[in-house]
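As structure tokens, the structure follows; a few thoughts come after it.
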Amino acid sequence: METVVRVAVPIPAYRCFDYLAPAGVPLESLLPGVRLSVPFGNRIRVGYLIAVVETPGCEVERLRPAGAVLDAEPLLSETDLKLLRWAARYYHHPLGEVIQSAFPVHLREGRGAELARPSGLVLTPAGAALDPATFRRAPVQRRLFEILHGRERPLPASRLAELAGSGRTVRDAARRLVERGWAEWVDLQDRRIPAVVGSPLQLNPAQLGAVDEISANLGRYGVFLLEGVTGSGKTEVYIEVIRRVITRGEQALVLVPEISLTPQLERRLCERIEAPLAVFHSGLSETERAAAWLGFQKGEVGVLLGTRSAVFAPMRWPGVIILDEEHDRSFKQQEGFRFSARDVAVMRARMADIPLVAGSATPSLESIRNVQRGRYVRLVLPARAGAAVAPRYRVLDIRARRLQDGLSEGLIAAMHDTLAAGDQVLLFLNRRGFAPALVCHGCGWVARCRRCDANLVLHARESRLRCHHCAAEHGLPGCCPSCGQEDLRPLGVGTERVDEALRRLFPEVGVARIDRDSTRGRRSLERMLERVQQGEVGILLGTQMLAKGHHFPGVTLVGILDVDAGFYSTDFRAAEHTAQLIVQVAGRAGRGEKPGTVLLQTRHPDHPLLQRLLRDGYPGFAAAELAERESACLPPFGYQALWRAESKELALSMDFLARLREEADGKNGAVHWLGPAPAPMPRQAGRYRAQLWLKSARREELHAVLTDALARLQETPERRVRWSLDVDPVDFY
DNA sequence: AGCACGCCGACT
DNA sequence: GTCGGCGTGCTC
Numbered sequence: 001m002e003t004v005v006r007v008a009v010p011i012p013a014y015r016c017f018d019y020l021a022p023a024g025v026p027l028e029s030l031l032p033g034v035r036l037s038v039p040f041g042n043r044i045r046v047g048y049l050i051a052v053v054e055t056p057g058c059e060v061e062r063l064r065p066a067g068a069v070l071d072a073e074p075l076l077s078e079t080d081l082k083l084l085r086w087a088a089r090y091y092h093h094p095l096g097e098v099i100q101s102a103f104p105v106h107l108r109e110g111r112g113a114e115l116a117r118p119s120g121l122v123l124t125p126a127g128a129a130l131d132p133a134t135f136r137r138a139p140v141q142r143r144l145f146e147i148l149h150g151r152e153r154p155l156p157a158s159r160l161a162e163l164a165g166s167g168r169t170v171r172d173a174a175r176r177l178v179e180r181g182w183a184e185w186v187d188l189q190d191r192r193i194p195a196v197v198g199s200p201l202q203l204n205p206a207q208l209g210a211v212d213e214i215s216a217n218l219g220r221y222g223v224f225l226l227e228g229v230t231g232s233g234k235t236e237v238y239i240e241v242i243r244r245v246i247t248r249g250e251q252a253l254v255l256v257p258e259i260s261l262t263p264q265l266e267r268r269l270c271e272r273i274e275a276p277l278a279v280f281h282s283g284l285s286e287t288e289r290a291a292a293w294l295g296f297q298k299g300e301v302g303v304l305l306g307t308r309s310a311v312f313a314p315m316r317w318p319g320v321i322i323l324d325e326e327h328d329r330s331f332k333q334q335e336g337f338r339f340s341a342r343d344v345a346v347m348r349a350r351m352a353d354i355p356l357v358a359g360s361a362t363p364s365l366e367s368i369r370n371v372q373r374g375r376y377v378r379l380v381l382p383a384r385a386g387a388a389v390a391p392r393y394r395v396l397d398i399r400a401r402r403l404q405d406g407l408s409e410g411l412i413a414a415m416h417d418t419l420a421a422g423d424q425v426l427l428f429l430n431r432r433g434f435a436p437a438l439v440c441h442g443c444g445w446v447a448r449c450r451r452c453d454a455n456l457v458l459h460a461r462e463s464r465l466r467c468h469h470c471a472a473e474h475g476l477p478g479c480c481p482s483c484g485q486e487d488l489r490p491l492g493v494g495t496e497r498v499d500e501a502l503r504r505l506f507p508e509v510g511v512a513r514i515d516r517d518s519t520r521g522r523r524s525l526e527r528m529l530e531r532v533q534q535g536e537v538g539i540l541l542g543t544q545m546l547a548k549g550h551h552f553p554g555v556t557l558v559g560i561l562d563v564d565a566g567f568y569s570t571d572f573r574a575a576e577h578t579a580q581l582i583v584q585v586a587g588r589a590g591r592g593e594k595p596g597t598v599l600l601q602t603r604h605p606d607h608p609l610l611q612r613l614l615r616d617g618y619p620g621f622a623a624a625e626l627a628e629r630e631s632a633c634l635p636p637f638g639y640q641a642l643w644r645a646e647s648k649e650l651a652l653s654m655d656f657l658a659r660l661r662e663e664a665d666g667k668n669g670a671v672h673w674l675g676p677a678p679a680p681m682p683r684q685a686g687r688y689r690a691q692l693w694l695k696s697a698r699r700e701e702l703h704a705v706l707t708d709a710l711a712r713l714q715e716t717p718e719r720r721v722r723w724s725l726d727v728d729p730v731d732f733y
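Numbered by full-length UniProt numbering, the letters in the first sequence go through residues 1 to 733 in order.
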């Protein structure tokens, strides 16, 4: 009897495929988690071995032999695989695709694990003897030379990119140095985490207490919610915990919500931790990603700093997982395999028996609730002496006030005062472009997207109308396409418009606008932030990009231009999100002597949640919002799933979901159904979208219904409708 | 997801 | 007559 292996193939199907084991491969090589190349249809694919099975799931005659085992040893440990299987079940996503998502592209495509070796750059003796003046006409090479000169250990290839304008430039410079015999690549392969780590930090009692409590738990599962405002020193706690983990010969996985937050955290980690560190995010080349991933997998990299997708990177010696800005929604993947890196990280810590440290100034209500239930340990860092004092909030009632391009007189006056005192101002508006609509004053025509149920956004400087929901882009019409009048007016305010107004109102003052449009270039964000730090800029204006990570000690006045947009929304999480945004933006400001002031422009100054936030701070707001969630049985008190459908016709999408509901309805009284209903924006990019909402007080019941419905869907698939299932959705678009 | 197979419309 | 549209079924 021949050996049969069960293989997860990365296709959108909820089943595995069985193969005859490749000829001549001993049984002990057929370990769960190894990659195999398998014939699939008329192509060769990379699949993942799940198990050796006794009885195949189909007739033996149909079995084809697998091509080859690609790994001498599995790159995924049993725990890794267990986590991935859990994730596939929990998110109801096909196992093959889930496993695939754990691998960098090179490994998905079947390349050998030994090809992408982590390498580092060192100076040769000849190079070390050089004079910096040698590089008079090669600034990048010179910079690289100076960095290498000041280092004892090799500079990992993965860190080259951050050194100058573009990764390409530094890479070229490195190659030149090597060509001339002044530097060489060395293999970081056999380097283990050195036991010697950098000097300990000076910690205050609260930080020390937090570190002690976490480290008392090393080697055990535990979730610690590290709560502290900006500047309270969460990063030092992370660093010290990581130091202790490294000292034990274990590894740390550090997750941040966005690429833009990696450089500064990386710098701080490198200063203090003398263990190889690698970053892992979508800004790297595939070769770099594979190197970082494999380095961590092999245990050569002590600290892996990455975004969402790094949550599945295998750890040879699991030590700790750090989840920075735990509340951030970017941890939720919004397409394909829609997992929450936060929730996966918690499950991973549990399976690996290691602690997880989740930090935030504004924790998610889910995490606060878990503290209340005794599942998480709350550790609070009070604001440090010498750090920013809590800001003062003031509401600017803008009812019946004329705004000047989104700015009230009160705000403008406060800005003048602040700037006169030599301080900086930060303005927050979560809407990019010049104006969110272009209307005809004559007939009321509005510029709409042809393919979406949305207005086109005016980008005045580039004279373009753009749809923010699809790729549509148009030039500006000279006159109204409907009535021919030449009186088209921008309606509403975006950052570009405020930018223009500021330059008019404060001609002497430097303005930096930070949004997706103004920071397109590769290092433009960094450059702009530098200008702000150096005081060349008086007014800082931006979207939520501003709310993340960066601190601006020179800012003492924060203006939030449109609070209401967030508090009035159909999304039940909108209030939570807005409160987090307000507190996060407010936290960017202020310094020792000078507390910051936060001005909130609103037409609803009496909104209870806003009032609660201003009176009792984020914890008070969270308590109130949790009470509301509880009475409405919304998360974290109830569980949800959102079934989305899109197709060429709305009726098709609606009917598909209606069928799902009909077939399952009534079978489980514990699950409530809402819909199907058209999505908040029913038409996007020419496709019609509908959604079906499932809620239940009991998670298992919800999952049983989903499993059941998916099984039926496998039997009678509907091919004209593209659908996706979102477990624990955070956005309801 | 791909890919082949098959059945209907407008083209060299 | 056939080129190609995409609905349907299948992949061990």
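Heads up, the beta-carbon is just placed ideally off N, CA and C, and yes, glycines get one too.
Start and end of the beta strand (DSSP E) containing residue i?
i	result
THR556	555-560
CYS270	Where CYS270 is concerned, there is no enclosing beta strand (DSSP E), although the alpha helix (DSSP H) it sits in stretches over 262-272.
LYS695	687-696
PHE17	17-20
Just mark residue i as buried or exposed, buried being the case when its beta carbon has 16 or more other beta carbons within 10 Å.
i	result
ILE514	buried
VAL186	exposed
MET528	buried
PHE583	Here the sequence assigns Val to residue 583, which means Phe is not the residue at that position. VAL583 comes out buried.
CYS479	exposed
ASP487	exposed
HIS281	buried
THR44	Reading off the sequence, residue 44 comes out as Ile, not Thr. It is exposed - the Cβ of ILE44 has fewer than 16 other Cβ atoms within 10 Å.
ARG108	buried
GLN372	exposed
Using only alpha-carbon positions, find the residue among the options that is nearest to residue i.
i	options	result
LEU652	LEU674, TYR688 and THR247	TYR688
GLY566	THR578, ARG272 and CYS452	THR578
ASN42	ARG64, VAL34 and ALA361	ARG64
MET347	LEU83, VAL7, ALA690 and VAL9	LEU83
LEU491	VAL555, VAL730, ASP517 and TRP445	TRP445
GLY535	ARG520, PRO553 and GLY542	PRO553
VAL9	GLN202, GLU462, GLY33 and ASP517	GLY33
ASP212	THR230, VAL223, SER232 and VAL237	VAL237
ARG588	ARG171, SER232 and GLN100	SER232
LEU305	ILE322, LYS298 and GLN297	ILE322
Pull up the distance between the alpha-carbon of residue i and that of residue j, whole angstroms please.
i	j	result
VAL585	ASP328	13 angstroms
THR235	GLY228	10 angstroms
residue 747	PRO257	Because the chain spans 1 through 733 in this model, residue 747 falls outside it and cannot be assessed.
GLU146	ARG523	22 angstroms
ALA711	ARG15	10 angstroms
VAL38	GLN544	46 angstroms
ILE239	SER215	12 angstroms
TRP293	ALA157	13 angstroms
LEU203	ARG720	60 angstroms
GLU526	SER647	41 angstroms
LEU20	GLY57	12 angstroms
SER696	ALA574	21 angstroms
ALA632	ALA547	30 angstroms
LEU476	LEU456	11 angstroms
SER408	LEU505	12 angstroms
GLY406	GLN580	22 angstroms
Using a Cβ-Cβ cut-off of 7 angstroms (strictly less than) and excluding sequence neighbours within five positions of residue i, which residues of its own chain qualify?
i	result
CYS452	CYS467, HIS469, CYS470, MET681, ARG683, GLN684 and ALA685
Tell me which residue opens and which closes the alpha helix (DSSP H) that residue i is part of.
i	result
TYR90	78-90
GLY127	125-128
THR247	234-247
TRP293	286-298
GLN584	574-586
To which residues of the same chain is residue i closer than 8 angstroms at the C-beta, ignoring the five residues directly before and after it?
i	result
ARG698	TYR639 and ALA670
SER330	PRO257, GLU258, THR307 and ARG308
LEU610	VAL395, VAL563, PHE567, LEU600, THR602 and HIS604
Who are the Cβ neighbours of residue i in its own chain at under 6 angstroms, not counting the five residues just before and after it?
i	result
residue 734	Nothing can be reported for residue 734, as the shown portion of the chain is limited to 1 through 733.
PHE17	VAL7 and VAL9
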